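Mapped onto my numbering, the consecutive letters of the sequence shown carry residue numbers 89 to 462.
Contents: one structure, followed by commentary.
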Amino acid sequence: MEKQSKKDVMFDRMKEKKKEVRVVRRIVLIVALVLLVVVAVAGWQTYSYVTDALEPVDPDSEEVIDVEVPIGSNLDSIAALLEDNGVIKDARIYKYYVKFKNESEFQAGNYGLTQSMTLDEITESLKSGKVYHEPLYTINVPEGLTLEEIAERVIAENTEYTAEQFMEQVQDEAYIDELMVKYPDLLTEEIKGENVKFALEGYLFPATYPIYEENPSLTVLIEQMLDATKANIEPYQSVLQEEEKSPHWLLTFASLLEEEATAKSDRQTIASVFYNRMDEDMPLQTDPTVIYAMGEHKDRLFNSDYEFEDPYSTYTNKGLPPGPIAAAGASSIEAVLDPNQTDYLYFLADSEGNNYFSTSYEQHLEYRDEHIGN
């Protein structure tokens, strides 16, 4: 009887295990079915969402929406601009769509777009530069100009405003405060630094600007240039954050490259020289900062000029100056964040714009005697 009892117990346990296995299988099956349904539903919702996002916002709309694409805008900023203006449904989907079709080379301008346009039509319009409003005229801001030079050579010569009116506007503290609210990622407290000469120095991007009004206000002109600067810096924001650097630092560094560069200059190698000198705790000793500090253009600096005491002088101070000394172009901005890797500590340029880089002061002096003379 005792042996039979043990068998019964064993059979009972086997029955229980079989029941447990069946229960587990049922649970697994139910969970798998639920997950399958969830995945299927999620997949269908994603498919539906993407399909819907690829369609026009409103196929029946005839309202023309004026969209201005700033100079230097990249795909991210253009997609966000289109979504903000209600021309597309989802900026992310549009970016994937454009990349999938391998589209590029969008044109800056003022476009008339409608919610009834397809993504193909929008893309083709932005590529071809077929704008809704043709500009009345254009204003060109060359690379390397200071704020005062922009006032005299650009504003005074191409608009109804005087250089004095422009300089008064860009130095208006209340207006600067408004701009800092409007461009928080670009205009930081650094532009109000104690030793900064002009808050907006180096922040008005050099480019050719289309003008759509007969006599636009100074604020319209200034903010058009700030929009271009913002568009050109946005692609580097993540790099700046990783390096714990600011747009002010970037534009300051880039302005030195812009002023030192010639038509043949390799900005990336010049950038490496500045980085190397800062790593060695050496002053940058770049002449344009002395000229900017003195406030007057000079074709040649004398020994006494290099002793001129000013926060902007990189002869009497180490590191970068308090702020930009001119408007830097896209190539100078890019060179700051992508310098060549060299050991150079010195460089000079001859009258034809050829650069000569050296690792020692002795070699630098030899190049000077050979290519510059006395």
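Note that the Cβ used here is the ideal one computed from N, Cα and C, for glycine as well.
Remember, predicted model here, so these are calculated numbers, not experimental data.
Buried or exposed by the 16-neighbour rule on C-beta atoms within 10 Å, applied to residue i
i       : result
Ile-118 : exposed
Pro-427 : buried
Val-186 : buried
Glu-289 : buried
Ser-392 : exposed
Gln-312 : buried
Phe-136 : The identity of residue 136 in the sequence shown is Ser, whereas the question assumes Phe. Ser-136 should be labelled exposed.
Ile-460 : exposed
Gln-203 : buried
Ser-326 : exposed
Ala-120 : exposed
Phe-188 : exposed
Leu-453 : exposed
Leu-233 : buried
Presumed contact (8 Å Cβ cut-off) between residue i and residue j, rounded CB distance
i       : j       : result
Pro-144 : Thr-206 : 6 Å
Ile-421 : Pro-376 : With 8 Å as the limit, Ile-421 and Pro-376 do not qualify as a contact, their Cβ atoms being about 17 Å apart.
Leu-214 : Ile-166 : 7 Å
Leu-292 : Leu-314 : 7 Å
Pro-294 : Glu-237 : The pair is not a contact, with the Cβ atoms about 11 Å apart (cut-off 8 Å).
Glu-415 : Val-229 : With the sequence shown as reference, residue 415 is identified as Ala, and Glu is not the correct amino acid for it. Their Cβ separation, rounded to whole angstroms, is 7 Å, which keeps Ala-415 and Val-229 in contact under 8 Å.
Tyr-341 : Leu-408 : Before going further, note that residue 341 is Phe rather than Tyr in the sequence given. Between Leu-408 and Phe-341 the Cβ distance is about 6 Å, and since that is below 8 Å, they are a contact.
Thr-211 : Glu-191 : 5 Å
Length of the line joining the Cα atoms of residue i and residue j
i       : j       : result
Glu-347 : Met-370 : 20 Å
Asp-140 : Leu-328 : 36 Å
Thr-357 : Ser-446 : 11 Å
Asp-431 : Met-366 : 12 Å
Leu-224 : Tyr-297 : 11 Å
Glu-222 : Tyr-300 : 7 Å
Val-175 : Val-155 : 9 Å
Val-126 : Ile-321 : 42 Å
Leu-389 : Asp-398 : 15 Å
Asp-438 : Ala-262 : 45 Å
Met-382 : Leu-201 : 49 Å
Glu-302 : Leu-309 : 12 Å
Thr-402 : Pro-410 : 10 Å
Tyr-324 : Asp-146 : 35 Å
Leu-163 : Leu-169 : 10 Å
Gln-259 : Glu-282 : 14 Å
Phe-273 : Asn-173 : Per the sequence shown, the amino acid found at residue 273 is Asp instead of Phe. One C-alpha to the other measures close to 21 Å.
Asp-457 : Arg-241 : 36 Å
Asn-405 : Glu-209 : 55 Å
Leu-235 : Ala-287 : 10 Å
Gln-451 : Tyr-394 : 21 Å
Val-269 : Ala-239 : 24 Å
Lys-280 : Tyr-400 : 15 Å
Glu-90  : Arg-114 : With a pLDDT of only 49 at Glu-90, under 50, the local geometry of the prediction cannot be trusted, and the value read off the model is given with reservation. So the two alpha carbons sit approximately 36 Å from each other.
Glu-368 : Val-284 : 25 Å
Residue i: first and last residue of the uninterrupted alpha helix (DSSP H) it sits in
i       : result
Ser-420 : 418–425
Thr-317 : 306–321
Ala-381 : 375–382
Asn-364 : 355–367
Thr-30  : This structure does not reach residue 30, given that the chain is present from 89 up to 462, and the question cannot be answered.
Tyr-449 : 449–459
Lys-270 : 261–270
Tyr-184 : 179–188
Leu-214 : 207–216
Start-to-end residues for the beta strand (DSSP E) that takes in residue i
i       : result
Asn-162 : No beta strand (DSSP E) holds Asn-162; DSSP gives it neither H nor E.
Pro-230 : Where Pro-230 is concerned, there is no enclosing beta strand (DSSP E), given that its DSSP letter is neither H nor E.
Glu-156 : 153–157
Ser-446 : 443–446
Phe-435 : 434–437
Leu-201 : 197–201
Proximal residues to residue i (C-beta, below 8 Å), its chain only, five neighbours per side dropped
i       : result
Tyr-363 : Pro-427
Ile-379 : His-385, Lys-386 and Leu-389
Lys-183 : Leu-163, Asp-164 and Ala-167
Tyr-271 : Leu-314 and Lys-318
Thr-307 : Gln-257 and Tyr-263
Val-152 : Gly-200, Leu-201, Thr-202 and Tyr-220
Met-255 : Leu-235, Glu-236 and Ala-239
Cutoff 7 Å; reference residue i; Cβ partners in own chain excluding five residues on either side
i       : result
Ala-196 : Val-157, Pro-158, Ile-159 and Ser-161
Glu-278 : Ser-334 and His-336
Ala-359 : Leu-345, Ala-423, Val-424 and Pro-427
Tyr-449 : Tyr-434
Tyr-444 : Phe-435, Leu-436, Tyr-455 and His-459
Gln-373 : Thr-402 and Tyr-403
Ser-419 : Arg-355
Ala-244 : Thr-250 and Ala-251
Other residues of its chain near residue i: CB distance less than 6 Å, five sequence neighbours each side excluded
i       : result
Asp-178 : Ala-141
Ser-149 : Thr-202, Gln-203 and Ser-204
Minimum Cβ-Cβ distance from residue i to chain C less than 9 Å
i       : result
Ile-299 : The structure shown contains no chain C; it is built from a single protein chain.
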